[in-house]
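Trainee: Next up is a structure, given as structure tokens.
Numbering (this note's numbering), first residue to last: 67 to 183.
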């Protein structure tokens with residue numbers, strides 16, 4: 067994780083360096099042959115580096131927050147999250163996905179992400 071916002075060039079360099087990074091959270095809480103369960107906790111201004119999703123997954127937000135995500139194609143998506151919000155991402159049908167996540171809110175941005183192997 068990093069506390070520094072990167073320039074577009076810095077983001078592109080990080081994307082290339084982390085193209086195969088499959089650590090989708092900051093702490094791996096559990097793994098077996100069926101699932102991987104991750105915790106993500108970002109302080110205001112903190113971001114998780116680019117990472118690749120190769121499995122279908124879902125996430126649950128643990129508290130309200132805001133964030134932005136830089137996508138592999140260079141686009142940026144802004145989010146407003148609400149506690150207990152849950153989303154399923156169908157990666158196997160759509161191909162792998164690479165992105166980062168930056169906390170743009172005033173409080174901690176926290177998720178549990180479960181990958182379905």
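C-beta atoms are modelled at their ideal positions from N, C-alpha and C, and glycine is treated no differently.
The alpha helix (DSSP H) with residue 160 in it runs from where to where?
Mentor: Along the chain shown, read from residue 1 onward, the residue named residue 160 stands at position 94. Per DSSP, residue 160 belongs to the alpha helix (DSSP H) from 157 to 160.
Trainee: On a CA-only basis, which of 103, 98, 182, 146 is nearest residue 170? Give me that one, please.
Mentor: In the chain shown, residue 170 corresponds to position 104, counting from 1. Nearest C-alpha to residue 170: 146.
Trainee: Look at the alpha carbon of residue 142 and the alpha carbon of residue 134, and state the distance between them as a whole number of angstroms.
Mentor: Stepping through the chain shown from its first residue, residue 142 is reached at position 76. Stepping through the chain shown from its first residue, residue 134 is reached at position 68. Their backbone Cα atoms lie some 7 Å apart in a straight line.
Trainee: Can you give me the C-alpha to C-alpha distance between residue 127 and residue 75, rounded to a whole angstrom?
Mentor: Start at 1 with the first residue of the chain shown, and residue 127 comes out as number 61. Start at 1 with the first residue of the chain shown, and residue 75 comes out as number 9. When rounded, the distance between both Cα atoms is 30 Å.
Trainee: Could you name the residues that DSSP lists as bridge partners for residue 114?
Mentor: On the chain shown, position 48 is the one that residue 114 refers to. In the DSSP output, where bridge partners are listed per residue, residue 114 has 167.
Trainee: Who does residue 133 pair with in a DSSP beta bridge?
Mentor: On the chain shown, residue 133 is found 67 positions in, with the first residue counted as 1. Per DSSP, 145, 169.
Trainee: If we require 3 or more residues per run, which beta strand (DSSP E) segments fall completely within the region 79 to 111?
Mentor: With a minimum length of 3 residues, the continuous beta strand (DSSP E) runs that stay inside the region 79 to 111 are 93 to 97, 101 to 108.
Trainee: Nearest by alpha-carbon distance to residue 116: which of 92, 182, 160 is it?
Mentor: Here residue 116 refers to the residue found at position 50 of the chain shown. Among 92, 182, 160, the Cα nearest to that of residue 116 belongs to 92.
Trainee: Hey, could you find the ends of the beta strand (DSSP E) residue 123 is sitting in?
Mentor: If you number the chain shown from 1, residue 123 lands on position 57. It spans 122 to 127 - the beta strand (DSSP E) in which residue 123 sits, taken as one unbroken run.
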